[in-house]
Amino acid sequence: MTCACLADTCPAPQGTRARVGKVSTARAERLVNLVLALLSTRQYLTAERIRGIVPGYADAATDEAFSRMFERDKTELRELGIPLETGRNSVFDSVEGYRIARRDYELGEIDLAPDEAAAVALAVRLWDSPELTGQAQGALVKLRAAGVEVDENPSTLVEPRVHTEPAFAPLLAAVQRGQVVRFDYRRSDSPERRSRTLEPWGVVSWKGRWYVVGHDRDRAAPRCFRLSRIIGAVKAVGKPGAVTRPPDVNLLEFVAGTTPHDPSPAATARLWVAEGRAAGVRRHARVVGRMTVGADDGDVVEIDLFYPESAADWIAGHGPDVVVLEPDVLAKAVQDRLEAVVHGEHG
Amino acid sequence: MSGSTERLPRLLALVPYLLARPGIKIEQAAHDFDVSARQLRKDLELLWMCGLPGYGPGDLIDLSFDGDTVSVTYDAGMNRPLRLTGGEASALVIALKALAETPGVVDTDAVHRAIAKIEAAAGDARPSGVVVGHAVREREATARTRETVRAALQAGRALHLRYYTASKDQVTERTVDPMRLLIVQANSYLEAWCRRAQAVRMFRLDRIDRLEVLDEPARPPADARPTDVSDGVFTPDESYPDAELVLDPDTRWVAEYYPCEELAELDGGRLRVRMRYGDESWMVRLVLGLGGGVRVEKPAQLAQAVRQRAADALARARHLPVTLPQ
Chain A
1 MTCACLADTC
11 PAPQGTRARV
21 GKVSTARAER
31 LVNLVLALLS
41 TRQYLTAERI
51 RGIVPGYADA
61 ATDEAFSRMF
71 ERDKTELREL
81 GIPLETGRNS
91 VFDSVEGYRI
101 ARRDYELGEI
111 DLAPDEAAAV
121 ALAVRLWDSP
131 ELTGQAQGAL
141 VKLRAAGVEV
151 DENPSTLVEP
161 RVHTEPAFAP
171 LLAAVQRGQV
181 VRFDYRRSDS
191 PERRSRTLEP
201 WGVVSWKGRW
211 YVVGHDRDRA
221 APRCFRLSRI
231 IGAVKAVGKP
241 GAVTRPPDVN
251 LLEFVAGTTP
261 HDPSPAATAR
271 LWVAEGRAAG
281 VRRHARVVGR
291 MTVGADDGDV
301 VEIDLFYPES
311 AADWIAGHGP
321 DVVVLEPDVL
331 AKAVQDRLEA
341 VVHGEHG
Chain B
1001 MSGSTERLPR
1011 LLALVPYLLA
1021 RPGIKIEQAA
1031 HDFDVSARQL
1041 RKDLELLWMC
1051 GLPGYGPGDL
1061 IDLSFDGDTV
1071 SVTYDAGMNR
1081 PLRLTGGEAS
1091 ALVIALKALA
1101 ETPGVVDTDA
1111 VHRAIAKIEA
1121 AAGDARPSGV
1131 VVGHAVRERE
1141 ATARTRETVR
1151 AALQAGRALH
1161 LRYYTASKDQ
1171 VTERTVDPMR
1181 LLIVQANSYL
1191 EAWCRRAQAV
1201 RMFRLDRIDR
1211 LEVLDEPARP
1221 PADARPTDVS
1231 DGVFTPDESY
1241 PDAELVLDPD
1251 TRWVAEYYPC
1261 EELAELDGGR
1271 LRVRMRYGDE
1281 SWMVRLVLGL
1291 GGGVRVEKPA
1301 QLAQAVRQRA
1311 ADALARARHL
1321 PVTLPQ
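Top to bottom, those sequences are chains A and B. Here this note's numbering is used: the first residue of the first sequence is 1, the next is one more, and so on. Here this note's numbering is used: the first residue of the second sequence is 1001, the next is one more, and so on.
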């Protein structure tokens, strides 16, 4: 048999195309042929039959070598997400065979408008993790193969990035499999590492941070954990399908409820700010007068406070450049902080 | 053998890809699959040896080459790509959801349409269990700033800024040549060539107090390089001084918020960290604001500066009743 291709630039040397039981076949070639054979059959093909027809398996000298080879190939196909079905053609068959159902194998029809394709191209570049970027690229290859035109470098004025944590992938996998997880967790205010056992309901991104929400078995209550505070590996425990998410739970609200909403000012404060100092305070303040404190000139300003507690931290940070005039409670809070610094350092 | 795990998905996608694009240039296909043209030719050679049982000329995948282009003339039944895996569908759809929650990048309507189509095509692989909420933390004023910056980028114009530099606690006026807008960990930044600093700088949008789009064009120098933000926006310089701090349980969040090296867990839930800082006055403000919840162990000069500022502040506050108006 000779090459059927008539072009001068045919990549294969003439006459070498057909397989005449010669040199060993490249593994990738054997796998492609296996996929094509299993896609084209409606009957289940037994391992023995596959050994007889698919080029490459004849290279296995013994039954045992073939069996090893075939097992490894099946594993690889399954890892790629190829739906390998097993079954018997009739009740009289003694061994199971294999086939691939075309409708389970093939990507559904998809057609993206140019602006949709541009969004996809951008999304592929969003992850800051090589692993997730690789997965997204894999999806892109398949979309292209489905005929979608995606320009790799869409021009964009804004470049967002999605940051992930090492715990992200194992938690997502556990959520999708409905599997209980165990991990070590450290709250930000405590050195204590605690092992937590969680029935995970979902992974949530809120304002650029990742959380996992679920039923905390140790507390016997729903809880939310920040992924960046998980230490070490996330271990899946127990069987897949063991977790059911309550139907009425709103994951986003669960997380958003534990983080502050867009605030409205809680109070107004009057401060004295030294001449030309504390730019960080001045930019949020309205100058309402002048005043001398000791021998130093400065402005009297008014400022809206959103979080009085953190305002005290922030004002104390400016040291002698900012003095609280009112309210007294804020003045006292700042004074406490400054005194703690002085005493803490002396004691 | 590890090569085949990368190669097989490409081989399976290649035939349908070529079917959809008869007469495509081999160079272009290689580019789309992110491999060399040489590798792509090897892939085509391999596919050309594959086909259906029987493996006669009419059973094998057939390709026709014309100059530097290629077409599939027989696909041996491989006319659609393999469906998306759960991992692929998740990686793509979650990124799209994040994009939809990030204002001002692309038309979010297009993103939602793309998500719906990909989920429909993904079938069982459609990702579940992931929710993406607001991808930025910002107030209305910052959203307005972003729109102005975007307009300047689009029109290729320089910007005049009034900018607050938190590290120095200074407000400065500067003219910059915008390069790009970035959203990193929910904060928006303008990366631009700063004519004042003669360097590429990142400007956090919520610290831009005023801005004006200028008539003159943006002209960042040709050698102005974008910053690598894969490790965050602020990467402490090796040359910066470092401080050793002991954080109380109440102030341990500092280690999470700023780039720190954790040195030791101490009794009482305290944590010793090493932290680099670019500007001493910034470090003094941070430590003072933590109000005794942190102890500066090194350097002595920083500890002294913090103590002095606290004492001065208390002294000044004591002057108040005398000079208070009314």
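Where a beta carbon is used, it is the ideal one built from N, C-alpha and C, also for glycine.
| Query | Result |
| --- | --- |
| Backbone CA spacing between V1306 (chain B) and R337 (chain A) [nearest angstrom] | 12 Å |
| Residues within the region 1024 to 1053 of chain B neighbouring chain A, beta-carbon criterion of under 9 Å | H1031, D1032, F1033, D1034, R1041, K1042, D1043, L1044, E1045, L1046, L1047, W1048, M1049, C1050, G1051, L1052 and P1053 |
| Whether A1114 (chain B) touches L112 (chain A) by CB criterion (8 Å) | yes |
| Inter-stretch contact at 8 Å, needing at least 3 Cβ pairs: the region 316 to 334 of chain A / the region 1260 to 1270 of chain B | no |
| Unbroken alpha helix (DSSP H) run spanning R282 (chain A), endpoints | A279 to R282 |
| Residues bridged to G202 (chain A) [DSSP beta-bridge criterion] | A:V213 |
| Anticipated Cβ contact below 8 Å, P1236 (chain B) with P1259 (chain B), distance rounded | 6 Å |
| Cutoff 8 Å: W1193 (chain B) Cβ touching any chain A Cβ | no |
| Neighbour flag for A236 (chain A) against chain B, beta carbons, 8 Å | no |
| is_contact[E109 (chain A), chain B] using C-beta, thresh 8 Å | yes |
| Buried or exposed by the 16-neighbour rule on C-beta atoms within 10 Å, applied to G1087 (chain B) | buried |
| Contacting positions in the region 1077 to 1092 of chain B - beta carbon closer than 9 Å to chain A | G1077, M1078, N1079, R1080, P1081, L1082, R1083, L1084, T1085, G1086, G1087, E1088, A1089, S1090, A1091 and L1092 |
| DSSP three-state assignment for R1285 (chain B), whether helix, strand or coil | helix |
| Contact with chain B by Y105 (chain A), beta-carbon distance below 8 Å | yes |
| I1183 (chain B) at chain A interface by Cβ criterion, 8 Å | yes |
| Neighbour flag for I1118 (chain B) against chain A, beta carbons, 8 Å | yes |
| For R1157 (chain B) and L1314 (chain B), the rounded distance between their alpha carbons | 48 Å |
| Where I230 (chain A) sits in the DSSP three-state scheme | strand |
| Within-8 Å CB hit, P1299 (chain B) to chain A | no |
| Candidates A:S228, A:E79 and A:Q179, of which the one nearest Q1185 (chain B) by Cα | A:S228 |
| Simplified DSSP assignment, three categories, for L140 (chain A) | helix |
| Distance CB(G1133 (chain B))-CB(S205 (chain A)) smaller than 8 Å | yes |
| Cβ of I303 (chain A) within 8 Å of any chain B Cβ | no |
| Length of the line joining the Cα atoms of A1013 (chain B) and R88 (chain A) | 30 Å |
| Proximity test, Cβ basis, 8 Å: V288 (chain A) and chain B | no |
| Inter-residue spacing [alpha-carbon to alpha-carbon] between V287 (chain A) and E302 (chain A) | 7 Å |
| C-beta atoms of V203 (chain A) and F168 (chain A) nearer than 8 Å | yes |
| Residue range of the beta strand (DSSP E) that includes G97 (chain A) | G97 to I100 |
| CB contact flag (R1083 (chain B), E106 (chain A), <8 Å) | yes |
| Check whether L172 (chain A) and G1129 (chain B) have beta carbons under 8 Å apart | yes |
| Within-8 Å CB hit, P320 (chain A) to chain B | yes |
| Residues bridged to S1071 (chain B) [DSSP beta-bridge criterion] | B:S1064 |
| Spatial distance of Q14 (chain A) from L1092 (chain B) (CA atoms) | Because Q14 (chain A) sits at a pLDDT of 43, beneath the cut-off of 50, its placement in the model cannot be relied upon, and the following sentence gives the value as read from the coordinates. Q14 (chain A) and L1092 (chain B): Cα-Cα distance of roughly 43 Å. |
| Contacting positions in the region 1123 to 1140 of chain B - beta carbon closer than 8 Å to chain A | G1123, A1125, P1127, S1128, G1129, V1130, V1131, V1132, G1133, H1134, A1135, V1136, R1137 and R1139 |
| CA-to-CA distance, A333 (chain A) to A1310 (chain B), given in whole angstroms | 13 Å |
| Beta strand (DSSP E) segment containing V301 (chain A), residue limits | D296 to L305 |
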